[in-house]
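Trainee:
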Amino acid sequence: MFLSGSRDGVSTIDGGEGGYRRLNRKCLLSIYFGHAISYAFLLGAFVLVETYAQGFLGPGYDLVRYAFIAVLAIVLAYMIVSPPVFYARYRYQITEDRIDVRSGVLVLRHNLVPIERVHQVEVSRGPVNSMLGLADVTITTAGGVATLSYLDIEEAERVADMLDGLVGRMLKERVPATGPAGD
Amino acid sequence: MIVPGERVRCHPSVIVEKSLSVVVLIALLVTRLEATAVAGVLAAAIVALLLFNYRQWKLTTIRFGETEIVVERDTLFKAKKTLPYAKIASVNVNRGIVNRLFGTSKLQININSGSSATVPEAALTFGEDMADELRSAILGALHDGEVLPDEDEATESLVSFSPADVIVHGLFSVPTYQTIFGSVFLAYSVFELYTSAGAGIGGDSRALVSLLMFFVVQFGPAVSLIFRYYNYRVYRRGETIFLQHGLLRTYKTSFEVSRINAVRVKSTLAARLLHRSWIEAEVVGLASGTGESLRPVLCLLKDDATQQRLLRELAPEFVYDRSPERQPAGAWSVLLIRAAIASFALVLAMVWSSLYVYHAATALAGIAGAVLPWVLPLATILGVLAIFYATHVSCRITEFDTSKDLFTFVNGAVDRETVVMSYDRVQMVRVERGPVAGFFGVARARVYLLSSTGGTSISSGYFFENRLGAIGETVMERIASGEYDWRRNSV
Numbered sequence: 003m004f005l006s007g008s009r010d011g012v013s014t015i016d017g018g019e020g021g022y023r024r025l026n027r028k029c030l031l032s033i034y035f036g037h038a039i040s041y042a043f044l045l046g047a048f049v050l051v052e053t054y055a056q057g058f059l060g061p062g063y064d065l066v067r068y069a070f071i072a073v074l075a076i077v078l079a080y081m082i083v084s085p086p087v088f089y090a091r092y093r094y095q096i097t098e099d100r101i102d103v104r105s106g107v108l109v110l111r112h113n114l115v116p117i118e119r120v121h122q123v124e125v126s127r128g129p130v131n132s133m134l135g136l137a138d139v140t141i142t143t144a145g146g147v148a149t150l151s152y153l154d155i156e157e158a159e160r161v162a163d164m165l166d167g168l169v170g171r172m173l174k175e176r177v178p179a180t181g182p183a184g185d
Numbered sequence: 002m003i004v005p006g007e008r009v010r011c012h013p014s015v016i017v018e019k020s021l022s023v024v025v026l027i028a029l030l031v032t033r034l035e036a037t038a039v040a041g042v043l044a045a046a047i048v049a050l051l052l053f054n055y056r057q058w059k060l061t062t063i064r065f066g067e068t069e070i071v072v073e074r075d076t077l078f079k080a081k082k083t084l085p086y087a088k089i090a091s092v093n094v095n096r097g098i099v100n101r102l103f104g105t106s107k108l109q110i111n112i113n114s115g116s117s118a119t120v121p122e123a124a125l126t127f128g129e130d131m132a133d134e135l136r137s138a139i140l141g142a143l144h145d146g147e148v149l150p151d152e153d154e155a156t157e158s159l160v161s162f163s164p165a166d167v168i169v170h171g172l173f174s175v176p177t178y179q180t181i182f183g184s185v186f187l188a189y190s191v192f193e194l195y196t197s198a199g200a201g202i203g204g205d206s207r208a209l210v211s212l213l214m215f216f217v218v219q220f221g222p223a224v225s226l227i228f229r230y231y232n233y234r235v236y237r238r239g240e241t242i243f244l245q246h247g248l249l250r251t252y253k254t255s256f257e258v259s260r261i262n263a264v265r266v267k268s269t270l271a272a273r274l275l276h277r278s279w280i281e282a283e284v285v286g287l288a289s290g291t292g293e294s295l296r297p298v299l300c301l302l303k304d305d306a307t308q309q310r311l312l313r314e315l316a317p318e319f320v321y322d323r324s325p326e327r328q329p330a331g332a333w334s335v336l337l338i339r340a341a342i343a344s345f346a347l348v349l350a351m352v353w354s355s356l357y358v359y360h361a362a363t364a365l366a367g368i369a370g371a372v373l374p375w376v377l378p379l380a381t382i383l384g385v386l387a388i389f390y391a392t393h394v395s396c397r398i399t400e401f402d403t404s405k406d407l408f409t410f411v412n413g414a415v416d417r418e419t420v421v422m423s424y425d426r427v428q429m430v431r432v433e434r435g436p437v438a439g440f441f442g443v444a445r446a447r448v449y450l451l452s453s454t455g456g457t458s459i460s461s462g463y464f465f466e467n468r469l470g471a472i473g474e475t476v477m478e479r480i481a482s483g484e485y486d487w488r489r490n491s492v
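Just so you know, the sequences run in chain order D and Z.
Counting in the numbering used here, the first sequence runs from 3 upward without gaps.
Counting in the numbering used here, the second sequence runs from 2 upward without gaps.
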């Protein structure tokens, strides 16, 4: 865990390449597991088509079947290849004023969330991520949501605490100064 | 006159208002079922519903305190809702047919919330005068005791909108795709009526279904808009914009200019042929709860010059001298490749059905045998031409430009939209590029704002990544330099 830029008890998270941090390699396992579950559903749908669709599709059955097999092959290739690419490209950085996330497999995304706009921070993890010691941090603004995915649990908690601290400090600074006499 | 702190109830007509639709539905069923046991049960259900709504009304009280409004329901499922005046975004009054029958108005109170932007936090029915009085009092409290102008005074609208303008708005502000579908349904129903006049059976029902679809898709929305914006007036007093309109249901809406997050100047294809456009604003906290458009309209469909003049007078905060930049050459390549892929997919999807129809129709005699085999191939060719034409128009019209406080996206090949946004209202920025866009060195931006319907995102065309990245950097610079005033902009 690399913390830097501590100010007023609130640290910022950066470091690594150009100030960006990368994910733990364990995220690959979690992504592959999620993909395996999705693929199982897709295979289930294929089995249903194989078993029951011939009757009502008639002469179009072969076309649908081959199209389905093609989709299965493409999805399988994507599911195998995409996690390492996702891991290699995922970068995030949290400074005193912003959250910066770069991610994507085919489409590269660069998300910028000013800390000033953060309304809510949530740490969540499903059963697979819990087993692997990973968690997601969901950052909610009034206009949309940004997610830091597959962080180590301790790091996710630290990110959430730090964001809470930054937002809390900002709100505290905005409260009009009142003296002991209330003036 | 309500005494501060005193507990009051809504007008009893709210019982009828809440029960009416269900009662009518059940009553219809009862008349169908005549004197059966089921009819008796349904009649009992009407009585039970009326008693339930009576109890809800009796046990729900409202207290207008010094600092907040408290709505409390003391039924089996108890509830207490506190609405601090400081958090209230808007207080609006609207009157439906039931309200007019009973001489009441519905007071709708909204707070600044993205999560419940589409539904008012409280919708309270009072006598018409009392609702107006309460609205003035609450608005007064929102404006630090400042006395607001009486809206019933004959205040002149900044631009006058005749009934003809309202009708034109209703007819030509319906999205183009709806108009096209509606016209196809209308044409088909006329065709069926014409052919069935000679042939007899079957055609009438098809014509009726098609006519019904025309009403649902095109005519209904157009008439709804005409009713909604009849007698439209818009004016600005100080920092507040006032809107009044409505034929059967009347609307009185007001909001501070500082509540506007973005302004959209819109025109459909038909509207552009008439050189007209209309203006909508993204204002959070104006939910009417009626399921109609939540975005307040600042100007109905008017000629472009009038629309621009009205925007300058009404919301000069969202007007600046634009120096738009067009998409770079790389964007044209991306859009053309996208069009080619879409066309290929369309052709692929149509090949099988075209061959099927071709073989089935060539056996037919007469005009049908000569025309039908070529209908789908011709439709496919037209579809491909439409895709490339829309791409060409999109390349030509998509714009992006920035100023010190505002920036603008122009989008839309068919229905066009110019969105002017304030940096200080941007919640989040996402710049994204796919493999093709990356190859040509361009990207798209998605700007997240708080809108009238909750969170929304507005997309740009394809521009250089560093140009789009400047949006987020400008947002950050304004926060850091103190140009961003959280007192005015915070949500």
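Each residue gets a CB set at the ideal place from its N, CA and C atoms; glycine is no exception.
Kindly indicate which residue of Z:Ser255, Z:Pro297, Z:Leu270 has the alpha-carbon position closest to the one of alanine 263 of chain Z.
Mentor: The shortest CA-to-CA distance from alanine 263 of chain Z to any of Z:Ser255, Z:Pro297, Z:Leu270 is the one to Z:Pro297.
Trainee: I'd like the list of long-range same chain contacts for threonine 307 of chain Z, defined as Cβ closer than 7 angstroms, with 5 residues on each side in sequence excluded.
Mentor: Excluding sequence neighbours, threonine 307 of chain Z sits near Val160.
Trainee: Using a C-beta to C-beta distance shorter than 7 angstroms, which residues of chain D count as neighbours of valine 476 of chain Z?
Mentor: Ordered by position in chain D, the residues that pass the 7 angstroms Cβ test against valine 476 of chain Z are Pro116.
Trainee: Count the other CB atoms within 10 Å of the CB of glutamate 293 of chain Z; is the residue buried (16 or more) or exposed (fewer)?
Mentor: Any answer about glutamate 293 of chain Z is weak, because its pLDDT of 49 lies below 50 and its placement is not dependable; what the coordinates show is given next. If you draw a 10 Å sphere on the C-beta of glutamate 293 of chain Z, you find fewer than 16 other C-beta atoms in it, and that means exposed.
Trainee: Would you kindly report the start and end of the unbroken alpha helix (DSSP H) that includes glutamine 57 of chain Z?
Mentor: 38-59
Trainee: Do threonine 475 of chain Z and threonine 403 of chain Z have their CB atoms nearer than 9 angstroms?
Mentor: yes
Trainee: Flag this pair as yes or no: are the beta carbons of tryptophan 279 of chain Z and alanine 271 of chain Z separated by less than 9 angstroms?
Mentor: no
Trainee: For threonine 61 of chain Z, which residues in the same chain have their Cβ closer than 6 angstroms to its Cβ, ignoring the five residues on either side in sequence?
Mentor: Arg74
Trainee: Could you pull out every residue in the same chain whose Cβ sits closer than 6 angstroms to the Cβ of valine 415 of chain Z, ignoring the five residues on either side in sequence?
Mentor: Thr177, Leu270
Trainee: What is the residue span of the alpha helix (DSSP H) that histidine 276 of chain Z lies within?
Mentor: Premise fails: histidine 276 of chain Z is in no alpha helix (DSSP H) and is neither H nor E.
Trainee: Express the C-alpha separation of serine 151 of chain D and asparagine 26 of chain D in angstroms, rounding to a whole number.
Mentor: 10 angstroms
Trainee: Note down, in chain order, every chain Z residue with its Cβ under 7 angstroms from the Cβ of alanine 148 of chain D.
Mentor: Met429
Trainee: Measure from the C-beta of aspartate 99 of chain D to each C-beta in chain Z and report whether the shortest distance is under 9 angstroms.
Mentor: yes
Trainee: Quick check: what's the CA-CA separation for glutamate 400 of chain Z versus leucine 469 of chain Z?
Mentor: 12 angstroms
Trainee: Counting only beta-carbon separations shorter than 9 angstroms, does threonine 140 of chain D have a partner in chain Z?
Mentor: no
Trainee: Closest to aspartate 406 of chain Z by CA distance: which of Z:Tyr485, Z:Asp205, Z:Val31 is it?
Mentor: Comparing Cα-Cα distances from aspartate 406 of chain Z to each of Z:Tyr485, Z:Asp205, Z:Val31, the minimum goes to Z:Tyr485.
Trainee: Out of Z:Lys82, Z:His360, Z:Arg277, Z:Glu134, point me to the one whose CA is closest to lysine 107 of chain Z's CA.
Mentor: Per the C-alpha coordinates, the member of Z:Lys82, Z:His360, Z:Arg277, Z:Glu134 positioned closest to lysine 107 of chain Z is Z:Glu134.
Trainee: May I have the straight-line CA-CA distance separating leucine 143 of chain Z from phenylalanine 220 of chain Z, to the nearest angstrom?
Mentor: 40 angstroms
Trainee: Does the CB of arginine 176 of chain D have a neighbour CB from chain Z at under 9 angstroms?
Mentor: Closer than 9 angstroms to some Cβ of chain Z, the Cβ of arginine 176 of chain D qualifies, so yes.
Trainee: Provide the residue span of the beta strand (DSSP E) that contains valine 72 of chain Z, from first to last.
Mentor: Element bounds for valine 72 of chain Z: 69-74.
Trainee: Once you ignore the five residues that flank alanine 1 of chain Z on each side, which residues in its own chain have a CB closer than 7 angstroms to its CB?
Mentor: Since the first residue shown for chain Z is 2 and the last is 492, residue 1 of chain Z is missing from the structure and cannot be characterised.
Trainee: Would the beta-carbon of glycine 442 of chain Z fall within 9 angstroms of that of glutamate 418 of chain Z?
Mentor: no
Trainee: For a test of the three-state rule: what should DSSP assign to glutamate 293 of chain Z, helix, strand or coil?
Mentor: Residue placement at glutamate 293 of chain Z is flagged as unreliable, the pLDDT there being 49, under the threshold of 50; the coordinate-derived value follows with that caveat. In this structure, glutamate 293 of chain Z counts as coil in the three-state DSSP scheme.
Trainee: Under 8 angstroms Cβ to Cβ from arginine 434 of chain Z, same chain only, skipping five residues before and after it: list those, please.
Mentor: Shown here for arginine 434 of chain Z: same chain residues with a beta carbon closer than 8 angstroms to its own, the five before and five after excluded, namely Val443, Ala444, Arg445, Glu466 in chain order.
Trainee: Could you spell out where the beta strand (DSSP E) holding proline 85 of chain Z opens and where it closes?
Mentor: From DSSP, the beta strand (DSSP E) with proline 85 of chain Z extends over 80-85.
Trainee: According to DSSP, is proline 317 of chain Z part of a helix, a strand, or is it coil?
Mentor: helix
Trainee: Among Z:Tyr189, Z:Phe256, Z:Ser158, which one has its Cα closest to the Cα of asparagine 232 of chain Z?
Mentor: Z:Ser158
Trainee: Give the interface partners of alanine 362 of chain Z over in chain D, defined as CB-CB distance under 8 angstroms, in chain order.
Mentor: Result: empty, since nearest Cβ-Cβ is about 18 angstroms, beyond 8 angstroms.
Trainee: Using 9 angstroms as the threshold, is the C-beta distance between valine 77 of chain D and arginine 67 of chain D below it?
Mentor: no
Trainee: Find the nearest neighbour of leucine 302 of chain Z within the set Z:Val175, Z:Val31, Z:Lys79, Z:Val39, judged by alpha-carbon distance.
Mentor: Z:Val175
Trainee: Mind checking methionine 3 of chain D: buried by the 16 CB within 10 Å criterion, or exposed?
Mentor: Confidence at methionine 3 of chain D is low in this model, with a pLDDT of 36, below 50, so its placement is unreliable and the value that follows should be read with caution. Counting Cβ neighbours within 10 Å, methionine 3 of chain D comes out exposed, since fewer than 16 surround it.
Trainee: In whole angstroms, what separates the C-alpha of glutamate 18 of chain Z from that of leucine 29 of chain Z?
Mentor: Taking the Cα positions, glutamate 18 of chain Z is about 18 angstroms away from leucine 29 of chain Z.
Trainee: Chain Z partners of alanine 69 of chain D, CB-CB under 9 angstroms?
Mentor: Those within 9 angstroms of alanine 69 of chain D in chain Z number zero; the least Cβ separation is about 10 angstroms.
Trainee: Look up lysine 174 of chain D in the DSSP assignment and say whether it is helix, strand or coil.
Mentor: If DSSP states are grouped into helix, strand and coil, lysine 174 of chain D belongs with the helices.
Trainee: Taking 8 angstroms as the threshold, find out whether the stretch 98-106 of chain D comes into contact with the stretch 115-124 of chain D through three or more Cβ pairs.
Mentor: Output reads yes: the stretch 115-124 of chain D touches the stretch 98-106 of chain D.
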